[in-house]
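Here the sequence shown stands for residues 1 to 485, numbered as in the UniProt record's numbering. C-beta atoms are modelled at their ideal positions from N, C-alpha and C, and glycine is treated no differently. Below is one structure; the comments refer to it alone.
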Amino acid sequence: MEKKEFLDGDDLETTSMEPLSPMSQMLSSPNLFIVITFGFKVKCNPSAFVEGFKTTLINAPRFSSKMVINYKKKGEPVWIPVNIRVQDHVTVPDLDYTNIKNPDQFLEDYTSRIANIPMDMSKPLWEFHLLNIKTSNAESVLLAKIHHSVGDGMSLMSLLLACSRKTSDPSALISNTWATPKPVKSMISAWWLIAGFWFIIRVTFTTLVEFFKLMLTIFFLRDTKNPLMGNPDDGIQSWKVVHWIISFDDVKLVKNTMNMKVNDVLLGMTQAGLSRYLTTKYDGYTMAQKKRILEKIRFRGAVAVNLRPSTNIEDLANMMTKGSKCRWGNFIGTIIFPLWIKSENDPLEYVRRAKATMDRKKISLEAFIFYGIIKFTLNFLGGKAVEAFGKRIFGNTSLAFSNVKGPDEEISLFGHPISYIAGSALVASQALNIHLISYVNKIIINLAVDTATIPDPHQLCDEIVEALQIIKSAVQDKKSHKMEV
1 MEKKEFLDGD
11 DLETTSMEPL
21 SPMSQMLSSP
31 NLFIVITFGF
41 KVKCNPSAFV
51 EGFKTTLINA
61 PRFSSKMVIN
71 YKKKGEPVWI
81 PVNIRVQDHV
91 TVPDLDYTNI
101 KNPDQFLEDY
111 TSRIANIPMD
121 MSKPLWEFHL
131 LNIKTSNAES
141 VLLAKIHHSV
151 GDGMSLMSLL
161 LACSRKTSDP
171 SALISNTWAT
181 PKPVKSMISA
191 WWLIAGFWFI
201 IRVTFTTLVE
211 FFKLMLTIFF
221 LRDTKNPLMG
231 NPDDGIQSWK
241 VVHWIISFDD
251 VKLVKNTMNM
261 KVNDVLLGMT
271 QAGLSRYLTT
281 KYDGYTMAQK
291 KRILEKIRFR
301 GAVAVNLRPS
311 TNIEDLANMM
321 TKGSKCRWGN
331 FIGTIIFPLW
341 IKSENDPLEY
351 VRRAKATMDR
361 KKISLEAFIF
371 YGIIKFTLNF
381 LGGKAVEAFG
391 KRIFGNTSLA
401 FSNVKGPDEE
411 ISLFGHPISY
421 IAGSALVASQ
431 ALNIHLISYV
441 NKIIINLAVD
451 TATIPDPHQL
461 CDEIVEALQI
471 IKSAVQDKKS
481 HKMEV
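Below, the structure is given as structure tokens:
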């Protein structure tokens, strides 16, 4: 049951309040949160984490504030600072590890169990679980459960970087940076003027088209009913959270060979994997009939887009401090991404289609318009209208998708070298959430599914992993053929 606190009377005069951002308003339900798994190369020392959180985590305002309802502001939620005791947010379960026969399955069940418990809204919205359990990929595990209104993937990744240090130099921050924009060449020549004018026309036209599609989705355009799409009116019955680690080098091989971005390859891999999975769900049909069914499916994803300007690691580390220019919280937009769900003979077509669609989305202002609509709705219609808006967007599409770039060199968290980072954002009205996180030479595929709709998430994950291998083999065959010619 949702538990809310209210501010009234003298509390309104004496309490320092901060309103939630538009996107945080949309994500203010107790059922919307992010579950992150940190795998470590050594056993956990609980006291080191408690002391570490005291000196780093609670410096972030959202981690030392709680959400309350201000009835004088149309009943909208606000942040208020509170005194915090870190130990109340850290759980070290008393487990008999010697009797756990399948540690990987135990971790998966434990993660899924905490994913099915709504957030306690009466205190700051975060908690950690420390498990000294040896799995296939780690010696111990830290599970973080953080409400989505606290921050998006970029905010939480920046917080991780600010708290961590290089394993090669325990006193140094990680040195990699997010890509900075390339300097724009001077448009003095007539050619540059023409090219610039044509680019403006393309941006304007593409934005208008994507805005029209967005409006259609908000009001009535729903994806075709398919085995991966739940009924938003029923809500989520039971979350299951799984992850799988793949090689970043395999993704880079496809990226470099096809001259694309990493995100294009990941979206192409996802399209191919979903197509393979859906093909198995139409038993009793011939392959020709299955192909026709897939060709008629309207299947789209709500893809999260970071709206912050490119920043370096120092800005990210300073994000916790007051007055930082790098925006904390949920400064993200969403694009409606049509996925190529087809039975293709050429596996590379999935990647080409992903690139073509993403190139079109990149030159549109759809993500900024989405954020603007949320802000406008909040200012003029209030938080309830924003929540209803979010339910329409996520209820009319088949899945949520995001890709977060993690550190490209090994780091440690409070003296614990990290083996991998997995994370899933749980969006309550969608039965399938796919989130990808990179860490050094790995990419972790994270699936959060409603088992009432998708009872076999491991098969779905296997199909996505297998799709990458098929795409990789096709790229290698293509390179070999070119060399022979």
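- In this model, residue 372 and residue 297 are separated by some 30 Å (Cα to Cα).
- Here residue 282 carries a coil assignment [DSSP, helix/strand/coil].
- Going by DSSP, residue 402 is part of the beta strand (DSSP E) stretching over 399-404.
- Relative to residue 157, the option among 81, 415, 438 and 384 whose CA is nearest is 438.
- Taking a C-beta distance under 8 Å as the contact criterion, residue 252 and residue 261 do not qualify as a contact pair.
- With 16 or more other Cβ atoms from the protein chains shown falling within 10 Å of its own Cβ, residue 353 counts as buried.
- Apart from sequence neighbours up to five positions away, the residues of its chain that approach residue 300 with a beta-carbon distance below 7 Å are 223, 336, 337, 338, 339, 397 and 398, ordered along the chain.
- The C-beta of residue 127 has 16 or more other C-beta atoms within 10 Å across all chains shown, which makes the residue buried.
- If you draw a straight line from the Cα of residue 143 to the Cα of residue 199, it is about 46 Å long.
- Just measuring C-alpha positions, the residue of 451, 265, 121 and 165 sitting nearest residue 249 is 265.
- In the three-state reduction of the DSSP assignment, residue 246 falls in the strand class, which pools E and B.
- Per DSSP, residue 456 lies in no alpha helix (DSSP H) and is assigned neither H nor E.
- Under the 10 Å beta carbon count, residue 280 is surrounded by fewer than 16 other beta carbons and is classified as exposed.
- A check of alpha carbon separations from residue 451 across 295, 84 and 229 identifies 229 as the nearest.
- The beta carbons of residue 65 and residue 58 sit no closer together than 8 Å.
- Within the DSSP bridge table, the entry for residue 435 names 402 and 446 as partners.
- Listed as beta-bridge partners of residue 148 by DSSP are no residues whatsoever.
- The Cβ neighbour count for residue 292, taken over all protein chains shown within 10 Å, is under 16; the residue is labelled exposed.
- With contacts defined as CB atoms closer than 8 Å, residue 91 and residue 37 fail to qualify as a contacting pair.
- Residue pairing by DSSP places residue 127 opposite 145 in a beta bridge.
- In the three-state reduction of the DSSP assignment, residue 85 falls in the coil class.
- In this chain, residue 302 is not harboured by any alpha helix (DSSP H); it is covered by the beta strand (DSSP E) spanning 300-306.
- Residue environment analysis places residue 154 among the buried positions, since at least 16 neighbouring C-beta atoms fall within 10 angstroms of its C-beta.
- In the DSSP assignment, residue 161 falls within the unbroken alpha helix (DSSP H) covering 153-163.
- Classified as buried, residue 431 has 16 or more neighbouring CB atoms from the shown chains inside 10 Å of its CB.
- It is roughly 8 Å from the alpha-carbon of residue 141 to the alpha-carbon of residue 134.
- For residue 417, the enclosing beta strand (DSSP E) stretches over residues 416-426.
- Inter-segment contact for the stretch 18-25 and the stretch 368-384 is present: three or more beta-carbon pairs are separated by less than 8 Å.
- Sequence-distant Cβ neighbours of residue 239 in its own chain, meaning closer than 8 Å and more than five residues away, are 112, 115, 116, 426, 448, 449, 450 and 451.
- Pairwise C-beta distances place the stretch 266-276 in contact with the stretch 350-365, as three or more of them are shorter than 8 Å.
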